[in-house]
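Trainee: Got a structure for you, questions after.
Residue numbers (our numbering): 1 to 372.
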């Protein structure tokens, strides 16, 4: 089968690299999705279990021209749905339309659902919907429809540890990508001086300990009769086998007592609380005995958590701290266009990443390479 892995704008290359490390080198990017060919349900289980920055895992069931509703109906009806959906299956159709003649989402959804139900009724007769859900995506881009079956359910950013709400959280998948885009490795000190609910330090600890991000959650495919239960069991066994123990120096800091309380709770939920130290402290007061370290932060943006002048002042303060910790690497995700000017120097690297629908820049400020 062919799998599609949606990736947030700006981190497609990170997802491709993660797939390569998992043993899937032959991938290609298509409209913000990474395609993986020649897979089985064992691969579906592995990718749902281990992908840190992909949004979900889709099975592409068909692809065909869809210039009108007749073509759409025929194409969807050509899929052998009975091989996947049981008699008691509940089919939900969602739609996506980009630069296509068919753009009315409700009509696309209705035609697609009608075609699927018609095929299943011809095979089973009367259908009885249960909690066994099959989420079908009809993605029509440039008048070509891709019929995709979602194997994940709730998005992969839902690791299961972040259960308490907090203002302006950073998605787990994005946080993991920011770490992958840095020079941090488990031998270095890791800090997030604006840790909020703790996502970046927790994701760093999980990566260092090789804790599979999908270890403590369920996936949509697990309730399907067409999938052998061994697929999940094998992925779970691999996840338990690859985990390691090691000493880590990971620090999270925030000026909010509530944030630190929530971050500590989330770290415990993730099973990494003993590897992270959370401090109730102003970022400007940070000091470290580590000669070389990496700070990755998603500081307040201004438009959501305060005024823009506050966000600019944070950039100025972090520029001073960077110059004091002159052997450290600093990374910041921010939409503030004056960030480099306020920080006091041009970034060594900058890439665009969307966070919660906001176009941000991921700024890299390098320190010197450690001596061997």
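All residues carry an ideal CB built from backbone N, CA and C; glycine is no exception.
#1: Under 8 Å Cβ to Cβ from residue 169, same chain only, skipping five residues before and after it: list those, please.
#2: For the alpha helix (DSSP H) containing residue 174, list its first residue and its last residue.
#3: Just to confirm the assignment: which complete beta strand (DSSP E) runs, minimum length 3, are found wholly within the segment 189 to 223?
#4: Using alpha carbons as the reference points, say which of 290, 186 and 99 lies closest to residue 142.
#5: My output table needs one value for residue 305: the three-state DSSP class, helix, strand or coil.
#6: Mapping DSSP to helix, strand and coil, what is residue 58?
#7: Cβ atoms of residue 267 and residue 205: under 9 Å apart, would you say?
#8: Mind checking whether residue 42 and residue 231 have CB atoms under 9 Å apart?
#9: Verify whether the separation of the beta carbon atoms of residue 252 and residue 201 is less than 9 Å.
#10: Considering only the beta carbon of each residue, do residue 156 and residue 209 sit closer than 9 Å?
#11: Where does residue 241 sit, in a helix, a strand or coil, going by DSSP?
#12: According to DSSP, is residue 47 part of a helix, a strand, or is it coil?
#13: Rounded to whole angstroms, what's the CA-CA distance from residue 275 to residue 250? Just pull it up for me.
#14: Can you check DSSP and say which residues form a bridge with residue 29?
#15: Three or more beta-carbon pairs under 8 Å between the segment 113 to 124 and the segment 84 to 93, yes or no?
#16: Does the Cβ of residue 182 have 16 or more other Cβ atoms within 10 Å, making it buried, or fewer, making it exposed?
#17: What's the call for residue 280, buried or exposed, on a 16-neighbour Cβ count within 10 Å?
#18: Report the residue ranges of all alpha helix (DSSP H) runs contained in full by the segment 253 to 289; include only those spanning at least 4 residues, in chain order.
#19: Does residue 73 come out as helix, strand or coil in the three-state DSSP assignment?
#20: Out of 363, 185 and 29, point me to the one whose CA is closest to residue 5's CA.
#21: So, is residue 40 buried or exposed, given that buried needs 16 or more other C-beta atoms within 10 angstroms?
#22: What do you reckon, are the CB atoms on residue 203 and residue 52 nearer than 9 Å?
#23: Could you say if the segment 131 to 151 and the segment 54 to 74 meet the contact criterion of at least three C-beta pairs nearer than 8 Å?
#24: Name the two residues that bound the continuous alpha helix (DSSP H) containing residue 107.
#25: Quick one: using the 10 Å Cβ neighbour count with 16 as the cut-off for buried, is residue 360 buried or exposed?
#26: Does the Cβ of residue 148 have 16 or more other Cβ atoms within 10 Å, making it buried, or fewer, making it exposed?
#27: Per DSSP, residue 250 is paired with what?
#28: So residue 193 and residue 283 are in contact, right, with Cβ under 8 Å, and what is the actual spacing, rounded?
#29: How about the segment 69 to 83 and the segment 17 to 24: do they share at least three Cβ pairs that are nearer than 8 Å?
#30: What is the residue span of the beta strand (DSSP E) that residue 97 lies within?
#31: Go ahead and pull the three-state DSSP assignment for residue 140.
#32: Excluding the 5 residues preceding and the 5 following residue 258 in the sequence, name in chain order all residues of the same chain whose CB lies nearer than 8 Å to its CB.
#33: Give the single residue among 91, 221 and 138 whose Cα lies nearest to the Cα of residue 127.
#34: When we look at the beta-carbon of residue 229 and count the other beta-carbons within 10 Å, is it buried (16 or more) or exposed?
#35: Here's a check: name, in chain order, each residue in its chain whose Cβ is nearer than 7 Å to the Cβ of residue 175, leaving out the five neighbours to either side.
Mentor: Taking the coordinates as given:
#1: For residue 169, where only same-chain residues beyond five positions count, the Cβ hits under 8 Å are 162, 196, 197 and 199.
#2: Element bounds for residue 174: 172 to 180.
#3: Taking 3 residues as the minimum length, the beta strand (DSSP E) runs contained wholly in the segment 189 to 223 are 189 to 192, in order along the chain.
#4: It is 99.
#5: Residue confidence for residue 305 is low, a pLDDT of 48 falling below 50, so the modelled location carries little weight and cannot support an answer.
#6: Of the three classes helix, strand and coil, the one that applies to residue 58 here is strand, per DSSP.
#7: Contact: yes.
#8: Yes, Cβ-Cβ distance for residue 42 and residue 231 is below 9 Å.
#9: Taking 9 Å as the Cβ cut-off, residue 252 and residue 201 qualify as a contacting pair.
#10: Taking a C-beta distance under 9 Å as the contact criterion, residue 156 and residue 209 do not qualify as a contact pair.
#11: Three-state DSSP puts residue 241 in a helix.
#12: Helix.
#13: Their Cα atoms are separated by approximately 7 Å.
#14: BP columns for residue 29 point to 34.
#15: Short answer: they touch.
#16: Counting Cβ neighbours within 10 Å, residue 182 comes out buried, since at least 16 surround it.
#17: Counting Cβ neighbours within 10 Å, residue 280 comes out exposed, since fewer than 16 surround it.
#18: List check, alpha helix (DSSP H) in window: 257 to 270.
#19: In this structure, residue 73 counts as helix in the three-state DSSP scheme.
#20: Ranking 363, 185 and 29 by Cα distance to residue 5 puts 29 first.
#21: Counting Cβ neighbours within 10 Å, residue 40 comes out exposed, since fewer than 16 surround it.
#22: Yes; because the gap between Cβ atoms is below 9 Å, this pair is in contact.
#23: Short answer: they touch.
#24: Counted as a single uninterrupted DSSP element, the alpha helix (DSSP H) harbouring residue 107 occupies residues 105 to 124.
#25: Its Cβ being crowded by 16 or more others within 10 Å, residue 360 is buried.
#26: Under this definition residue 148 is a buried residue.
#27: Looking at the DSSP assignment, residue 250 forms a beta bridge with 190 and 276.
#28: The beta-carbon distance between residue 193 and residue 283, rounded to whole angstroms, is 4 Å. This is short enough to meet the 8 Å contact definition.
#29: Short answer: they don't touch.
#30: Per DSSP, the continuous beta strand (DSSP E) segment holding residue 97 begins and ends at 90 to 98.
#31: The three-state reading of DSSP puts residue 140 in strand, counting E and B together.
#32: Apart from the 5 residues on each side of it in sequence, residue 258 sits with its Cβ closer than 8 Å to the Cβ of 166 in its chain, given in chain order.
#33: Here the closest residue by C-alpha is 91.
#34: Label assigned to residue 229: exposed.
#35: Excluding residues up to 5 positions away in sequence, 199, 200 and 203 lie with their Cβ nearer than 7 Å to the Cβ of residue 175 in the same chain.
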